[in-house]
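4 protein chains.
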Amino acid sequence: MADEKDKINDNVSWLREQSEAEPIASFLKMELAELSEGYAKVTMKITEDYQNFHGVTFGGIIMALADQAFAYASNSLVYPSVASHFSTYFIAGARMGDELTAECRVIKSGKRAGFSEVTITNQEGRLIARATGVTIPLNQQ
Amino acid sequence: MADEKDKINDNVSWLREQSEAEPIASFLKMELAELSEGYAKVTMKITEDYQNFHGVTFGGIIMALADQAFAYASNSLVYPSVASHFSTYFIAGARMGDELTAECRVIKSGKRAGFSEVTITNQEGRLIARATGVTIPLNQQ
Amino acid sequence: MADEKDKINDNVSWLREQSEAEPIASFLKMELAELSEGYAKVTMKITEDYQNFHGVTFGGIIMALADQAFAYASNSLVYPSVASHFSTYFIAGARMGDELTAECRVIKSGKRAGFSEVTITNQEGRLIARATGVTIPLNQQ
Amino acid sequence: MADEKDKINDNVSWLREQSEAEPIASFLKMELAELSEGYAKVTMKITEDYQNFHGVTFGGIIMALADQAFAYASNSLVYPSVASHFSTYFIAGARMGDELTAECRVIKSGKRAGFSEVTITNQEGRLIARATGVTIPLNQQ
Numbered sequence: 019m020a021d022e023k024d025k026i027n028d029n030v031s032w033l034r035e036q037s038e039a040e041p042i043a044s045f046l047k048m049e050l051a052e053l054s055e056g057y058a059k060v061t062m063k064i065t066e067d068y069q070n071f072h073g074v075t076f077g078g079i080i081m082a083l084a085d086q087a088f089a090y091a092s093n094s095l096v097y098p099s100v101a102s103h104f105s106t107y108f109i110a111g112a113r114m115g116d117e118l119t120a121e122c123r124v125i126k127s128g129k130r131a132g133f134s135e136v137t138i139t140n141q142e143g144r145l146i147a148r149a150t151g152v153t154i155p156l157n158q159q
Numbered sequence: 019m020a021d022e023k024d025k026i027n028d029n030v031s032w033l034r035e036q037s038e039a040e041p042i043a044s045f046l047k048m049e050l051a052e053l054s055e056g057y058a059k060v061t062m063k064i065t066e067d068y069q070n071f072h073g074v075t076f077g078g079i080i081m082a083l084a085d086q087a088f089a090y091a092s093n094s095l096v097y098p099s100v101a102s103h104f105s106t107y108f109i110a111g112a113r114m115g116d117e118l119t120a121e122c123r124v125i126k127s128g129k130r131a132g133f134s135e136v137t138i139t140n141q142e143g144r145l146i147a148r149a150t151g152v153t154i155p156l157n158q159q
Numbered sequence: 019m020a021d022e023k024d025k026i027n028d029n030v031s032w033l034r035e036q037s038e039a040e041p042i043a044s045f046l047k048m049e050l051a052e053l054s055e056g057y058a059k060v061t062m063k064i065t066e067d068y069q070n071f072h073g074v075t076f077g078g079i080i081m082a083l084a085d086q087a088f089a090y091a092s093n094s095l096v097y098p099s100v101a102s103h104f105s106t107y108f109i110a111g112a113r114m115g116d117e118l119t120a121e122c123r124v125i126k127s128g129k130r131a132g133f134s135e136v137t138i139t140n141q142e143g144r145l146i147a148r149a150t151g152v153t154i155p156l157n158q159q
Numbered sequence: 019m020a021d022e023k024d025k026i027n028d029n030v031s032w033l034r035e036q037s038e039a040e041p042i043a044s045f046l047k048m049e050l051a052e053l054s055e056g057y058a059k060v061t062m063k064i065t066e067d068y069q070n071f072h073g074v075t076f077g078g079i080i081m082a083l084a085d086q087a088f089a090y091a092s093n094s095l096v097y098p099s100v101a102s103h104f105s106t107y108f109i110a111g112a113r114m115g116d117e118l119t120a121e122c123r124v125i126k127s128g129k130r131a132g133f134s135e136v137t138i139t140n141q142e143g144r145l146i147a148r149a150t151g152v153t154i155p156l157n158q159q
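Residue numbers (the numbering used here), protein chains in the order written: chain B, 19 to 159; chain R, 19 to 159; chain E, 19 to 159; chain P, 19 to 159.
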C-alpha cells in the first residue's frame, strides 16, 4: 500500500518532468495544468492552424487534447500504460480563440485494463466533448 | 438520381479545392491522396513533433489522421456533415518516419445520420488502427 | 417553453404506460423504476438464464439493461428517438442473484442528435458498467 | 506453433460443446452456426418477445446477438478472454420474423488485448448493425 503510493508519486513526478519537453505537447501547445493520482487537466488554445474546411475547429484536435489528458491520468496510476481504445462524443463546436480544458479521471485502474473518462469544456464552462478510453498496462505483474 | 450524382460530384470538386488551403491539413501535413463518392484516402508522415512522453507516436495524431479521412469521405456524400461520434482502436504503434495512410469508406449515408469506417496502415501495409464514426448532416431536407 | 414542458410530460406519461406492456421489458424482466425529464432508472435481477459459457453473466444482458434505460431517458425528451450508436465499458462482473440498476442521463438533446450516459451498479452500489450512446430524433422540425 | 494450433483446436471443441448447454444461448435462442480459428457465426430469429415500446426490435437484443459472436470468436483464440469494451452502430431496423446472422472476426489477438469486428445482417443480406469490441485475456503468460 505504501509502495503503491510511492510508485504513484514517482509516476506523477516523472510525468510532470516529461511534459515539459514532450514534442507533441509543445507542437500542439497543450499544457499540463494539473496532475495527481488518476487525474489530469490539460489546456489548449484554439488557433487558426486548427481550422478545417468547414471553417470550424477540426475534431481531431479536440480528440488530441482529450487523449493527452487521458494519457497523463492513466499513466499516473500505472506506468507505462498504452491506449487500446478511445471514443469521443462531440457536443458543441470550438471556435478560434477558445481556451479548452480537458479533464480526465480514471474510473477503473485494473491489473489488465484501465478505464477513464474525459470532459472538455471551453473558457465559459460550456461542454464541448466527452470522451472515454481503455488503457492496457504494458508491464503486468 | 442524376441530381444526386451531380451534387456528389460538386462536393468532391469543392472539397478537393478546399483541401489545398485547409489550415489543419497544412499544419499537420496531411495530404488528401484520393477522394471519390463515399471514399477518402489521406496520408501523413510521422515526424519527431508527433512523439509523446513514452517516446512513441501520440495516439491523438493517429486519431487526427483518421478523422481527416472520415471528414472528407462523409462530406463527399452529404455536405455539410459534422461528426457526432468517433471511436478508434489502436492495433500497433507508429514509429518516427512512418508514412501512414488512412482510408475511409462510408458504410451508410442516411438522411439523418451517416456511419463510416477507417483503416490506418503504415508503409508496409501493417494495420495501425481501425476507427468508426457517426456523422450528422447539418441541412436536412 | 411551456409547450416544450408539456410535450416532455406527455412523453413521460406515455412511456410509463407503454413500459407496463412492453414485450422486451417483460421478457427480460426489466423494470422501469423511475422516469423523468431526461432521466431513467431501470432494474433487473440476474438469473440463471443470463449465464454464459464462462459461467458468468453474459455481457449482452448488461448491455440490454443499459440500452433500456437509454431508450427511456432519450425518448422522454424527444419522442420518437432511435439509437444510432451504443458503447459499453465492462468494469466488474455481475453474479447470479445480483440486482442491477441502470441509470441513464441525457447529456445533450439536440434537434439532430442526442447524447446520453448510463451507469450500471449492483445492489451494493458497485460499478458494473458504464455506457454511452447517440440517439437520432426521427421527426425533426 | 504446433502447440498454439492445438490450443486453438481445443478451445474450438470445448466452446462448441459448451454452446449446446449455455443458458443465455438457449434463453435468447441464439445458435452457434459456425466456429473456427478467430471466427464465429451466430444466428437468431426475431420474435415478438424482442419488441420494444416503439414496436420495433429492441437494440439490446441486436447487441446481445453481436456479443455472442464476439465472445465465441475471441475465446476460440485465447481462452478465457472477457470483454472490456463493446460498441455497436445501428444501421437498419430488424423486424419480427427476421432471421439475423452475426459474424465476428478477430482482427488482432494479442497477449494483452484483442480486437474484433462483428457484422449483423438479416435473411436478405441487408446490413443491420456493425459492432467492434476489445477483449482482455484473463490468464496472461
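Built from N, CA and C at the ideal position, the CB exists for glycine as well.
For clarity, every value in this text was computed on a predicted model and none was experimentally measured.
Quick one: is residue i buried, meaning 16 or more other Cβ sit within 10 Å of its Cβ, or exposed?
i	result
Leu156 (chain B)	exposed
Asp85 (chain P)	buried
Ala43 (chain R)	buried
Asp116 (chain P)	buried
Ala87 (chain R)	buried
Ala89 (chain R)	buried
Ala82 (chain B)	buried
Which value, in whole angstroms, describes the spacing of the CA atoms of residue i and residue j?
i	j	result
Asp28 (chain P)	Arg34 (chain P)	10 Å
Lys47 (chain R)	Lys59 (chain R)	14 Å
Lys4 (chain R)	Ser31 (chain R)	With chain R covering only 19 through 159, there is no way to say anything about residue 4 (chain R).
Ile64 (chain R)	Ala131 (chain P)	25 Å
Glu52 (chain R)	Glu121 (chain R)	9 Å
Ser37 (chain B)	Glu22 (chain E)	48 Å
Gly78 (chain B)	Phe133 (chain R)	17 Å
Gly73 (chain P)	Glu49 (chain P)	25 Å
Gln69 (chain E)	Phe45 (chain B)	50 Å
Met62 (chain B)	Tyr97 (chain P)	43 Å
Asp67 (chain E)	Val100 (chain E)	28 Å
Gly143 (chain R)	Met114 (chain R)	16 Å
Asp24 (chain R)	Asp24 (chain E)	44 Å
Short of 8 Å in beta carbon distance, which residues of its chain neighbour residue i, apart from the five on each side in sequence? Order them along the chain.
i	result
Arg148 (chain E)	Thr106, Tyr107, Ile109, Glu135, Val136, Thr137, Ile138
Ile26 (chain B)	Glu55, Ser94, Leu95
Tell me which same chain residues have a C-beta within less than 6 Å of the C-beta of residue i, skipping the five on either side of it?
i	result
Ser102 (chain B)	Val152, Ile154
Phe71 (chain B)	none
Thr150 (chain B)	Ser105, Glu135
In chain order, what residues of the same chain have a beta carbon less than 7 Å from the beta carbon of residue i, not counting five sequence neighbours either side?
i	result
Gly56 (chain B)	Ala91, Ser94, Leu95, Arg123, Val124, Ser127
Ala112 (chain B)	Ile64, Thr75, Ile80, Leu118, Asn140, Ile146
Glu40 (chain R)	none
Ala20 (chain E)	none
Could you pull the DSSP bridge partners for residue i from this structure?
i	result
Pro41 (chain B)	Paired residue(s): none; Pro41 (chain B) is not in a bridge.
Phe108 (chain P)	P:Ala147
Pro155 (chain E)	E:Ser99
Gly132 (chain P)	P:Ser127, P:Thr153
Ala120 (chain R)	R:Val60, R:Ile138
>> Extract the residue ranges of the beta strand (DSSP E) inside the segment 48-85 of chain P, only unbroken runs of 3 or more that lie entirely within it.
In response: 48-54, 57-63
>> Give me the subset of the segment 95-112 of chain E whose CB atoms are less than 7 Å from a CB atom of chain C, sorted by chain position.
In response: Reference to chain C is not applicable here, since the protein chains of this structure are B, R, E and P.
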